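A.B. asks: Using the working numbering, the first residue of the sequence shown is number 7, and each one after it goes up by one. The structure under discussion is supplied below as C-alpha cells; questions concerning it will follow.
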Amino acid sequence: MELTNPAVTDGVNLFVNIVITLIAFAHALAFVNARKEKKK
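As C-alpha cells, this is what we get:
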C-alpha cells in the first residue's frame, strides 16, 4: 500500500476534514451551552 497513492491521500484528507469539522462543531456546542449555563 503506497501512501503516495492520490486516491488514498484524498480519502485520508476527507476523513481528517470530517474529524476536524466534528470536533469544531462539538466545541461550538459546548461553548454555547457554557454561555447558557452562565446566564442562569
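Just so it is clear, CB atoms sit at the ideal spot from N, CA and C, and this is done for glycine as well. Nothing here was measured: the structure is a model prediction, and the numbers come from that model.
Taking 8 Å as the threshold (beta carbon to beta carbon), is Leu28 in contact with chain B?
C.D. replies: Although the question refers to chain B, the structure presented lacks it and comprises just one protein chain.
A.B. asks: Helix, strand or coil for Asn19, going by three-state DSSP, please let me know.
C.D. replies: Helix.
A.B. asks: Would you say the beta carbon of His33 is closer than 7 Å to some non-hydrogen atom of the ligand HEM?
C.D. replies: Looking at this structure, you won't find the ligand HEM or any other ligand, since it has none at all.
A.B. asks: Taking only the alpha-carbon atoms, compute the straight-line gap between Ile29 and Leu35 and give it to the nearest angstrom.
C.D. replies: When rounded, the distance between both Cα atoms is 10 Å.
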